[in-house]
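J.: The structure follows.
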Ligand code: UDP
């Protein structure tokens, strides 16, 4: 086992049971837990064949939830929504809650691959540009002994016939966990629309992480991530695409937080 694998296995092995608790933020139900605990639960759901839909909520997602009711609705239909990033941590603190962990898809992903490999649960990667999910699958299989990636498909599905074919490929794969990486809100809307015809038990909306794990985009250095500044790194990598989301979006998020706290603190929960 590689040292990364040992660390990941140790981190899930250290997970204490019953650590998860249900809270509410911005009117959405959130599972406050840790990455190891969430990972163990997801793999267990897959092994037991339990239909489970999962998403992550960060500051950008909160902004989208206030402007796109169909996204908010999709989020309320998830079995678990995890709290991702420094913005949501601050919001929780303002609501009197100290979150246990930053449960974001990008950090959870390698731990999940480790645990799935250990449990013999296969995975399917759906999303990103042509070839990126396949490249991420190759890299993860190279660094995770025993990991079974049962199939990959890009995330630019043009029409209902292509969607039908992609879902048939996913259902025939025998995977226990499907990662959907089409960005927010597309992936959550895709999951909500198609969940009833996907036979893979655990379906998780994970954002742009195949771009990182394929090597297409470098991830923020650890000190920036620890300081809650991964968004600034991402902005520097893709300024044209992300300027609105992060520069205006962060202001919008903080303004909303301050406004809710002043006028309707109950709405923070
Ligand atoms: N994407 C996709 N299909 C689409 C639009 C986007 O698969 O129709 C992919 C895109 O290639 C990228 C990811 O979705 O890999 C979105 O990344 P982003 O960083 O915006 O996601 P986030 O993690 O911030 O939600």
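In the numbering used here, the protein residues as written are 77 to 345.
Just so you know, even glycine gets a beta-carbon here, dropped at the ideal spot from N, CA and C.
Using only the heavy atoms of the ligand UDP, determine whether one of them is closer than 8 Å to the beta carbon of residue 245.
T.: It does not: the Cβ of residue 245 is nowhere closer than 8 Å to a heavy atom of the ligand UDP.
J.: Once the 5 residues before and after residue 193 are set aside, which same chain residues still bring their CB inside 8 Å of it?
T.: Here the set comprises 220, 221, 222, 223, 224.
J.: Under three-state DSSP, which class holds residue 235?
T.: Correct three-state label for residue 235: coil.
J.: Near residue 79, what residues of its chain come up, given a Cβ to Cβ distance below 7 Å and the 5 sequence neighbours on each side ignored?
T.: Low confidence applies here, because residue 79 scores a pLDDT of 41, under 50, leaving its location unreliable; read the following figure in that light. Nothing meets the Cβ criterion.
J.: If you count every other CB in all the chains shown that lies within 10 Å of the CB of residue 145, and 16 or more means buried, which is it?
T.: Result: exposed.
J.: Can you tell me where the alpha helix (DSSP H) with residue 288 in it begins and where it stops?
T.: Element bounds for residue 288: 285-289.
J.: Quick check: the Cα distance between residue 337 and residue 250, rounded to an integer number of angstroms?
T.: Looking at the two C-alpha atoms, the distance is approximately 47 Å.
J.: Measuring only the C-alpha atoms, how far is residue 147 from residue 265?
T.: Roughly 6 Å separates the two Cα atoms.
J.: Going residue by residue through the region 256-306, where are the continuous alpha helix (DSSP H) segments of at least 4 residues, counting only ones entirely within it?
T.: DSSP runs (the alpha helix (DSSP H)) wholly in the region 256-306: 262-270, 285-289, 298-302.
J.: Assign residue 105 to one of three DSSP states: helix, strand, or coil.
T.: Strand.
J.: Can you tell me which of the three DSSP states residue 126 falls into?
T.: Coil, per DSSP.
J.: Between the C-alpha atoms of residue 83 and residue 239, what's the straight-line distance to the nearest angstrom?
T.: Any reading at residue 83 must be qualified, since the residue scores a pLDDT of 44, below 50, and its modelled position is unreliable; no value is offered.
J.: Which one of 287, 326, 123 has the shortest CA to CA distance from residue 182?
T.: Residue 287 is the option with its Cα nearest to residue 182.
J.: Taking 9 Å as the threshold (C-beta atoms), are residue 171 and residue 326 in contact?
T.: Result no, Cβ atoms of residue 326 and residue 171 do not sit closer than 9 Å.
J.: Is the beta carbon of residue 107 within less than 8 Å of some heavy atom of the ligand UDP?
T.: Not so, every heavy atom of the ligand UDP lies at least 8 Å from the Cβ.
J.: Alpha carbon to alpha carbon, what distance is there between residue 130 and residue 95?
T.: Using only the alpha carbons, I get a separation of about 18 Å.
J.: Taking C-alpha atoms, which residue in 237, 189, 164 lies nearest to residue 226?
T.: For the residues 237, 189, 164, the minimum Cα distance to residue 226 belongs to 189.
J.: Could you round the C-beta distance between residue 187 and residue 115 to whole angstroms and report it? I think they count as a contact, below 8 Å.
T.: The Cβ separation is near 5 Å, so the contact holds.
J.: Taking 8 Å as the cut-off, does the region 245-259 touch the region 201-218 (at least 3 CB pairs, one atom from each stretch)?
T.: Contact holds: three or more Cβ-Cβ distances are below 8 Å.
J.: Drop a sphere of 10 angstroms on the beta-carbon of residue 86, count the other beta-carbons inside from all chains shown, and report buried for 16 or more, exposed for fewer.
T.: Note on residue 86: pLDDT 47, under 50, position unreliable in the model; the coordinate value appears next. Exposed is the call here.
J.: Please work out which residues of its chain come closer than 7 Å, Cβ to Cβ, to residue 195, disregarding the five sequence neighbours upstream and downstream, and give them in chain order.
T.: Result list for residue 195: 119, 123, in chain order.
J.: DSSP three-state label for residue 229, please.
T.: In this structure, residue 229 counts as strand in the three-state DSSP scheme.
J.: Starting from the Cα of residue 303, find the closest Cα among 162, 138, 201 and give me that residue.
T.: Nearest option by C-alpha distance: 162.
J.: Taking C-alpha atoms, which residue in 247, 290, 284, 295 lies nearest to residue 272?
T.: Residue 272 has its Cα closest to that of 247, out of 247, 290, 284, 295.
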